[in-house]
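Please read the structure below before turning to the comments.
4 protein chains.
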Amino acid sequence: MINLLNDYNKIAHKNIIDALIKYQDQPFVGYGKDDISANAVKLIKKELNNDSVDIHFIVGGTLTNKVALSSMLKNYEAIICCDSAHINVHETGAIEANGHKLLITPNKNGKVDPVEVKKIYLKHVDEHMVKPKVVYISNSTEFGTIYNKEELIALSNVCKELGLYLYLDGARLSTALTSKYNDLTMEDICKYTDMFYIGGAKIGLMFGEALVVVNDSLKQDFRYLIKNQGAMLSKGFLCGIQFETLFTNNLFYEIGKKENELAYILTNELIKLGIKLYCETETNQIFPVISKQLYEYIKTKILFEVWEDLVDEIVIRFVTGFDTTMEDINKALQVIKEFQNA
Amino acid sequence: MINLLNDYNKIAHKNIIDALIKYQDQPFVGYGKDDISANAVKLIKKELNNDSVDIHFIVGGTLTNKVALSSMLKNYEAIICCDSAHINVHETGAIEANGHKLLITPNKNGKVDPVEVKKIYLKHVDEHMVKPKVVYISNSTEFGTIYNKEELIALSNVCKELGLYLYLDGARLSTALTSKYNDLTMEDICKYTDMFYIGGAKIGLMFGEALVVVNDSLKQDFRYLIKNQGAMLSKGFLCGIQFETLFTNNLFYEIGKKENELAYILTNELIKLGIKLYCETETNQIFPVISKQLYEYIKTKILFEVWEDLVDEIVIRFVTGFDTTMEDINKALQVIKEFQNA
Amino acid sequence: MINLLNDYNKIAHKNIIDALIKYQDQPFVGYGKDDISANAVKLIKKELNNDSVDIHFIVGGTLTNKVALSSMLKNYEAIICCDSAHINVHETGAIEANGHKLLITPNKNGKVDPVEVKKIYLKHVDEHMVKPKVVYISNSTEFGTIYNKEELIALSNVCKELGLYLYLDGARLSTALTSKYNDLTMEDICKYTDMFYIGGAKIGLMFGEALVVVNDSLKQDFRYLIKNQGAMLSKGFLCGIQFETLFTNNLFYEIGKKENELAYILTNELIKLGIKLYCETETNQIFPVISKQLYEYIKTKILFEVWEDLVDEIVIRFVTGFDTTMEDINKALQVIKEFQNA
Amino acid sequence: MINLLNDYNKIAHKNIIDALIKYQDQPFVGYGKDDISANAVKLIKKELNNDSVDIHFIVGGTLTNKVALSSMLKNYEAIICCDSAHINVHETGAIEANGHKLLITPNKNGKVDPVEVKKIYLKHVDEHMVKPKVVYISNSTEFGTIYNKEELIALSNVCKELGLYLYLDGARLSTALTSKYNDLTMEDICKYTDMFYIGGAKIGLMFGEALVVVNDSLKQDFRYLIKNQGAMLSKGFLCGIQFETLFTNNLFYEIGKKENELAYILTNELIKLGIKLYCETETNQIFPVISKQLYEYIKTKILFEVWEDLVDEIVIRFVTGFDTTMEDINKALQVIKEFQNA
C-alpha cells in the first residue's frame with residue numbers, strides 16, 4: 072500500500088532512534104528534571120529567542136490541551152474557539168471534563184476570526200453567562216491552513232484589548248512555520264500568544280509536546296498541575312532526548328519543509344489531473360474531493376483517511392509524513408491516472 | 072412602576088404563605104423525608120397518573136439541571152440542545168463544570184428539531200468524539216413557545232431509536248400546559264420523556280422544582296447524587312409544603328392559565344397598536360420589538376427586561392406573573408398609547 | 072413526642088414569617104440584587120464592624136462550602152481539615168466532586184490543632200503531592216465545641232505563616248458566639264479568617280447562609296462562581312428578607328443564647344441524674360452516653376438522633392432549637408427519671 | 072555514582088530498543104488499533120489464561136489510575152485505600168480532580184486490611200455520606216511488600232460480599248509475582264480483581280501500562296473514557312511493540328526475578344553489616360534505616376532516595392532495576408563498609 076494516511080504512522084525519525092541508542096546506558100533522574108531535558112529546553116528557548124518562557128514536556132496533544140487550558144481557566148470562564156477546533160470535535164469532551172465551556176464561532180478556512188471573538192465577548196455581559204477568558208487556535212489548522220502574521224497580530228490585539236489569553240495548539244507547528252505561505256517565526260509565536268505548544272509526534276518524534284508558557288502570570292505551580300492531570304511521565308528524559316534531537320541541526324524545520332514540499336508537488340499534480348480540492352494546500356495536508364468511483368478504486372491501493380461524505384462526492388485526506396518519499400507521491404498519482412485512463 | 076419584569080419578583084402566592092403560617096408550629100424530619108413532602112409527591116404522581124416515577128424536590132433550576140444531567144451522563148457522553156437553551160446560555164457553564172459537553176443545534180422557534188438530533192448523532196461515530204446521550208429541551212422554551220404533542224413524540228421517537236435520553240426542563244411547565252396552543256398533558260410529559268422537572272419559582276412558589284425521574288434505570292442512588300451536588304435542603308419540608316399547596320385545588324394550572332390569558336390580551340392589544348413581536352406569544356412571555364424612542368419612554372414607567380439590541384430597534388420582554396392584574400396590563404398599554412399619541 | 076431532634080425542624084422563627092407577610096406584595100429584582108438584600112448586607116457589615124468585606128447569600132451549607140472552597144483552590148491544591156469535619160463526613164463527597172482533596176488530621180475535641188496543620192504542610196514538599204492551601208474549621212464544631220480566641224489566633228497565625236487560607240464554616244456560628252465559654256466576637260471572626268459563613272437554617276431561618284469574603288484576593292468574580300455552582304437563587308430577595316430580620320433587634324444572638332441556656336440546664340440536670348456526656352456541652356448540642364435500656368425507653372417518647380453505637384452503650388444527641396422551651400426540657404428529664412425510678 | 076536510585080532511570084531494556092529498531096520502517100494505524108498491539112493483547116491474555124478480559128494500553132500510572140477509577144465510580148461513590156496508597160500520597164490529587172473521594176484506612180505493612188474495609192463500609196449508611204464502591208490496592212505495595220493469595224482472596228471476598236470493586240495497581244506487578252514470598256499467579260490476579268494494570272515503565276519499558284478490565288460490567292465505552300481523560304496515544308503502536316516484547320520469552324518475569332534476587336542479596340549483606348531495615352525486603356525495594364553520618368557519607372557515592380527523616384536516623388530507599396548488576400551491589404556495600412571501617 073502507498074502510505075498517505077497521516078503523519079504519525081511510523082515509530083520515529085532515524086535521528087530519534089539513534090538518540091535512544093546513544094543514551095541507552097545513561098541513568099537519568101526522573102520526571103523531566105534531568106540534564107538532557109534541561110538542554111532541550113535551552114535549545115528551544117534559543118530558537119524562540121526568549122529566555123524567560125517556561126517549557127514543559129507532556130505526552131499527547133489532548134493531555135497538553137487539558138493542562139494548558141486548565142492553567143488559564145476557572146470553571147465559570149470559557150474558551151472561544153471555532154467549530155472545527157480539535158478541542159471541540161476530536162477530544163471526546165476532554166476539555167469539558169475538566170469543567171470548561173467552549174464558545175463556538177464558525178471557522179473561516181479553519182481559523183478564528185477576531186471580529187467574531189469580540190462579538191462573543193460582548194454578548195457575555197454578566198454572571199448569568201460564562202466569562203470568556205481564552206481564545207484557542209491551532210497552527211496549522213485542522214484543514215492544514217495557516218495564520219499569517221497579520222492574522223495572528225489581529226487576534227493577539229483583540230485578546231489584549233479584551234483581557235483574554237491567546238493559546239495556540241501547535242500539534243503541526245513545524246509544517247505551519249515552514250509553509251511557503253508563512254511569514255511567522257517561532258519568536259513571533261512567542262510574542263503574540265500567552266501559551267502554545269510545539270508538537271512532536273507529527274514530525275518524527277515517538278511522542279511529546281513542548282508546552283511553552285509565555286505569560287508570567289500563568290507559570291506558577293505548573294508542575295503541580297501537570298501531575299494532577301496525570302501528565303507527568305516518570306521517564307521524562309525521553310521527551311528531553313527527543314526534543315534535544317528535534318532542535319539540533321534544524322531537524323524541526325527540515326522535516327516540516329520536506330513534508331510541505333511533497334504536499335505541494337502532489338497538490339499541483341492532482342490539480343493537473345482535474346482533481347478538485349476542498350481547501351488550498353498550505354501545509355502537509357491535502358483534501359481532494361473525489362468521485363465515489365475514484366474513491367472505490369484508490370482505497371485498496373493507497374492508505375488515506377476519509378474526511379467527509381458529501382453524498383455525491385467524498386472528501387479524502389492525504390498527508391505527507393517525515394518519511395514520505397517522491398516515490399510515494401508518484402505512485403499515488405499513478406494510481407489516479409490509471410483510474411482516469413481506464 | 073407597572074411590573075411586567077418577570078414571573079419571579081414576588082415572595083409567593085397567597086396560598087403558599089398561608090400554608091407556611093398553617094404549618095409553622097409543626098416539627099418535621101429533615102431532608103425531605105417528612106410526611107408533607109410524601110403527600111406532595113403523592114399529589115404530583117396522581118396528576119401524572121403514574122405511580123412508578125420517583126420525585127425529588129430541589130431548590131433552583133440550574134441546580135436541578137446539574138443533578139438531572141449528571142445522573143444520565145458519563146464525562147465522555149454529551150447533551151444535544153439548541154443554541155438558545157438555558158443550559159447553553161444562562162447557566163454560566165454549570166453543566167460543563169460537572170464535566171459534560173453540549174452539542175449545539177440551531178433552535179427552531181426555541182425548539183430542538185429531531186432531524187438535527189439525528190444528524191448530530193450520526194456525525195459522532197467513534198471514541199475520538201463525544202457520545203451523544205441526552206437531548207435537552209425546555210417547555211415552554213426560552214422564547215415562551217411550546218412543544219405540541221406531535222413534536223414531543225417525534226423527539227421521543229428519535230431518542231428511543233438512537234438510545235438517547237430525553238430530558239425536559241419545565242421551569243415554566245405550568246404555562247406550557249395551559250397554553251391555548253397546547254395539546255399535551257402532564258401524563259404525556261411523563262410518557263415521552265425520561266426525566267423532567269416541574270418548576271415552582273415561576274408560578275408562585277418561593278422556590279423549588281420537582282424533578283420527576285421516569286426512566287427506571289436512572290433512579291438508583293438519586294439522593295446521593297442530590298447531596299453530592301449540594302442540592303439537598305435541610306428543611307426539605309419547605310418544598311413539600313409548597314408543592315402540596317401547588318397541587319391542591321388545581322393551583323398549578325390556574326396560575327399558568329391566568330398568566331397566559333393576560334399575556335394573550337396584552338399581545339392582542341400590542342398588535343392593534345402596531346407593535347411587532349419577535350415571536351408569537353404562546354405562553355406568558357411577550358417579546359415586543361420596539362423603537363429606541365419608545366424604549367426610552369416606557370423604561371421609566373414599566374419594569375421589563377431588555378432581550379436583544381437590534382441596533383435600530385430593541386427587543387424587550389414583558390412577562391405576566393401569578394399576581395399580574397388586568398389593571399397592570401391596561402396601565403402598560405396606556406403608557407404605550409401615550410407615547411404614540413405624543 | 073418531646074422534640075430535641077435538631078435545630079432545623081420547624082419552618083422558621085415567628086419574626087421570619089412575619090417578614091414574609093410584611094413584604095408579600097412588594098416586587099423585587101431577582102438574584103439578590105434587591106434593596107432588602109443590600110440592607111441585610113449592610114446590617115451584617117455593621118455587626119462585623121467591617122465595611123470592606125463582600126457578602127453573598129447562598130441556600131444550603133454544603134453548597135456554600137462548595138462555592139467557598141472552590142473560590143480558594145486549584146485542583147492540585149488541598150484542604151486541611153479534621154476527621155470529624157462536616158465536609159469530610161457528611162457532604163457525600165461534594166468537595167471532592169469539585170476536584171479538591173482533603174488532608175485529614177485527627178480532631179481534638181472537634182477542633183483542628185495548628186501544630187498538626189504545620190506537620191501536614193511540611194510533609195507536602197513537591198509537585199508529586201498536593202499543595203495544602205486552605206484550613207477548614209467549623210465553629211461551633213460537629214461536637215458543639217467552640218474555638219476560643221487564643222485557639223483561633225493560633226490557627227490564623229499558622230495559616231499566615233504558611234500561606235494558607237483559613238475558612239470557617241459557621242453553620243452554627245450563632246450558638247458559638249453566644250456560648251458562655253466564648254470570648255470571640257463577630258469582628259474577631261472577620262479579623263482572623265479569610266472567609267466564613269453565618270448559617271441561618273439552624274437559628275430560625277427557613278434557609279440561607281451569608282458567606283463573608285474577607286480576603287480581598289478572593290472577591291473577584293464571586294457571583295460567576297455562585298451561578299456556576301448552581302447556587303444563585305432566582306428569588307434571592309428571600310435571603311435578604313430573612314437576614315435583615317435576623318440582624319434586626321439582635322435576633323441572631325438572642326436565639327443562639329436561648330438555645331445554649333436551655334442546653335446548659337438540660338446538661339446540668341442530666342449530670343445530676345448520673346448521665347455521662349460524650350463531650351462537654353459548650354453550645355446547643357448535648358451528647359449523652361446512655362445504656363441500651365434507657366435508649367429503648369426514651370426513643371418512643373423523645374425525638375433525638377443516634378450519634379454512635381458504642382456496643383455496650385449508645386451516644387445520642389439532644390439539640391435545642393429556636394423554639395425549644397423549658398417545658399420541653401423538663402418533660403425530657405421527666406422521661407429519664409421515670410426510667411430510672413422504674 | 073553507583074545507581075540504586077529507582078527502577079525507571081534508564082531509557083529501556085535492550086530488547087525494547089531492539090524492537091524499535093526492528094519495526095522502524097513499518098507503518099501502523101494509530102491509537103492502538105494496529106496489529107502489533109493486537110498481538111500484545113493476545114500474548115497478555117494467554118499469560119492471564121483468560122480470553123474474555125479487555126486490555127487497554129495507557130501511558131503513565133497516574134493516568135491509568137484516573138481512567139480505571141473513573142470507569143468504576145460516580146461522584147458520590149468513593150474509593151477505600153490505605154494511607155500509604157500512591158493515589159493518596161503521590162498523585163497530587165489526581166483522583167480527587169476527577170471528582171472521587173478517598174476513604175483512608177491505616178496500612179498494614181503497606182496493605183489494606185479487609186476487616187477495615189468492612190468497618191468503613193458499615194459506617195457509610197446513607198446519602199449524607201459517600202457510598203464506598205472500590206477498594207484500591209497495589210501489588211507490590213509502596214513498601215515493596217506483596218499480597219499473598221490468602222490476603223488477596225480475603226479482600227476479594229469482602230468486596231464481593233459488600234458489592235465493591237477490587238482494583239489493583241500493578242505498577243510493580245512484575246516484582247510482586249516473582250518475589251520469593253509470592254504464591255499468586257497472573258491468572259489469580261485476574262480471578263480476584265475487577266480491574267488491574269500491569270506496569271511497564273518499572274521493568275524496562277520506556278513507558279506503558281496494560282490496563283486489564285476483568286469485570287464485564289466495566290468494559291463498555293472504555294476507549295471513550297481513555298480519550299476523554301487525554302490518555303489515548305496517537306502512536307499507540309509504541310505500547311503494543313513494547314508489551315509484545317515484554318511478554319515474549321518471559322521477559323516480564325525474568326526482569327522482575329532478577330531485580331528481586333539482587334535486592335535479596337543486598338538486603339542480606341546489609342543485615343550482616345548491622346543495618347536495620349524499615350520493613351522486610353519482599354521485592355526490589357529496600358528501606359535501610361541509617362544514621363545521619365552514614366547518610367552523609369554515602370550520598371555522594373550512591374544514587375538513592377530519601378524516604379523519611381526520623382530525626383535521629385533516616386530511612387532511605389535502594390531500588391534494583393532491570394540493569395542493576397551484582398557489581399553495583401558490591402560497590403554499594405563496599406561504600407558502607409568503608410564508612411564503618413573508618
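From first to last, the protein sequence lines stand for chains U, F, L and Y.
Per this note's numbering, the first sequence starts with residue 72, numbered consecutively.
Per this note's numbering, the second sequence starts with residue 72, numbered consecutively.
Per this note's numbering, the third sequence starts with residue 72, numbered consecutively.
Per this note's numbering, the fourth sequence starts with residue 72, numbered consecutively.
We put the CB at the ideal spot given by N, CA and C, even for glycine.
Residue i - DSSP class collapsed to helix/strand/coil
i: I150/Y; result: strand
i: F375/F; result: coil
i: L344/L; result: coil
i: R243/L; result: coil
i: H84/Y; result: coil
i: Y94/U; result: helix
i: E118/F; result: helix
i: H127/U; result: strand
i: T135/U; result: helix
For residue i: DSSP bridge partner residues
i: M266/L; result: Y238/L and V284/L
Test: residue i CB closer than 9 Å to a CB of chain U
i: G164/F; result: yes
i: I175/F; result: yes
i: Y147/F; result: yes
Within-9 Å CB hit, residue i to chain F
i: I385/U; result: no
i: S305/L; result: yes
i: D399/Y; result: no
i: F130/U; result: Correcting the residue type first, residue 130/U is Val in the shown sequence and not Phe. Judged by the 9 Å Cβ criterion, V130/U is not in contact with chain F.
Beta carbon proximity, residue i to chain Y, threshold 9 Å
i: K172/L; result: yes
i: G181/U; result: no
i: A242/L; result: no
Straight-line Cα distance separating residue j from residue i
i: G271/F; j: K262/F; result: 21 Å
i: T395/L; j: C230/L; result: 38 Å
i: N146/Y; j: I87/U; result: 42 Å
i: L76/U; j: E367/U; result: 16 Å
i: E258/F; j: E118/F; result: 7 Å
i: V406/L; j: L91/L; result: 38 Å
i: L223/Y; j: L237/Y; result: 10 Å
i: I191/U; j: C153/U; result: 12 Å
i: M277/Y; j: V138/U; result: 22 Å
is_contact[residue i, chain L] using C-beta, thresh 9 Å
i: E198/Y; result: yes
Inter-stretch contact (C-beta, 8 Å, three-pair minimum) for the stretch 361-375 of chain U and the stretch 293-313 of chain U
no
Any contact between the stretch 324-340 of chain L and the stretch 397-406 of chain L? By contact I mean 3 or more CB pairs, one from each, below 8 Å.
yes
Please confirm if the stretch 151-169 of chain Y is in contact with the stretch 308-328 of chain Y, defined as three or more CB-CB distances below 8 Å between the two stretches.
Fewer than three pairs of CB atoms, one per stretch, sit closer than 8 Å, so the stretch 151-169 of chain Y makes no contact with the stretch 308-328 of chain Y.
Across the stretch 376-387 of chain L and the stretch 273-284 of chain L, are there enough close Cβ pairs to call them in contact, namely three or more that are closer than 8 Å?
no
Does the count of Cβ pairs from the stretch 231-247 of chain F and the stretch 94-113 of chain F closer than 8 Å reach three?
no
Count the C-beta pairs between the stretch 114-130 of chain L and the stretch 278-295 of chain L that are closer than 8 Å, then say yes if the count reaches three, no if not.
These segments touch.
Are at least three pairs of beta-carbons, each pair with one atom in the stretch 166-174 of chain F and one in the stretch 161-173 of chain U, less than 8 Å apart?
yes
Say whether the stretch 300-319 of chain L touches the stretch 96-103 of chain L, bearing in mind that this needs 3 or more beta-carbon pairs closer than 8 Å, one atom from each stretch.
yes
Specify whether the stretch 175-183 of chain Y and the stretch 204-214 of chain Y touch according to this definition: at least 3 beta carbon pairs, one from each stretch, less than 8 Å apart.
yes
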